[in-house]
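Residue numbers (mature numbering (1 follows the signal peptide of the UniProt record, and there is no 0)): -29 to -1, 1 to 229. Just so you know, even glycine gets a beta-carbon here, dropped at the ideal spot from N, CA and C. Report on one structure; see the data block that follows.
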Amino acid sequence: METRRPAVSAVSVGAVVLILVWSPAAAVASGGWMDAHATFYGDETGAETMQGACGYGNLFEQGYGLDTTALSVALFSDGWSCGGCYEIQCHGDPHCKPGGAQVTVTATNLCPANYSKPYENWCNPPLKHFDLSKPMFLRLVTDFHVGIIPVQYRRVPCAKKGGIRIEMTGNQYWVGVLVFNVAGPGEVKVLAVKGAKDGQWRNMKRNWGQIWDGHVQNLVGQGLSFRVVASDGRSVVLDGVVPASWTIGQSFEGKGQF
């Protein structure tokens, strides 16, 4: 599967409000099973699943491991679904493992659309499709050579170890923030930052995936607090999570979690 980053775009306040009103988080509470298909990409090592369109890096170091999936365009929701968790089971195929084996995975990447072929473009909208890491696919089937299987899926709360983590990304010209290891809904819909010196909360904008920017470059040399709002409307404040000595490439674990 070929991955590519979505185009950088600003998100208006109105769009954020709309997304908070309608969100995949509603499916977390409902628990209903829905139909889709699943394939896999990469090999057993999971090397090809690293990085990706959500902005995450080394998935092992960030706590996601191989329990991950790329989402079709319809499920990816332009990156707003990054970090959400799904329970998936093989359904109605002779290659399904006996006993209805299930996997729980976190969305960490995009399976991009391919409009060059008229058929079997599983990641094209409006199809719902999961491109799993190979180890996850192997848990569902008796023979991975089947390639693609019908599945049922449902949104579930994410279980993560430790607090929400913040990584300072970018370069000398641009500073961004990656939010990861988010439990509960998993998806971040609003992020605000506060410098230790001025004490003023400032809403950031989502650049792509779960990379956020805006205002941070003006707060160099200050300790930083973040207010994280999840897709279900709950919020957590990570007070003083980033020290004044922060530099690009560092990550910090907050004391808060959903």
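- N85 is classed as exposed because its beta carbon has fewer than 16 other beta carbons within 10 Å across all chains shown.
- Going by C-alpha positions, I135 is about 22 Å away from G192.
- Residue burial annotation: I219 is exposed, with fewer than 16 other C-beta atoms found within 10 angstroms of its C-beta.
- Secondary structure at T20: helix, using DSSP grouped into helix, strand and coil.
- If you draw a straight line from the Cα of T113 to the Cα of W172, it is about 52 Å long.
- V153 and V159 do touch by the CB rule: their CB atoms are close to 6 Å apart, below 8 Å.
- With fewer than 16 other beta carbons inside 10 angstroms of its own, G204 counts as exposed.
- In this model, F31 and A18 are separated by some 10 Å (Cα to Cα).
- By the Cβ neighbour-count rule, K105 is buried, with 16 or more other Cβ atoms within 10 Å of its own.
- Between the alpha carbons of D102 and T40 lies a gap of roughly 6 Å.
- As the crow flies, the alpha-carbon of C25 is around 30 Å from that of G170.
- Residue state for Q188 is assigned as helix, using DSSP reduced to three classes.
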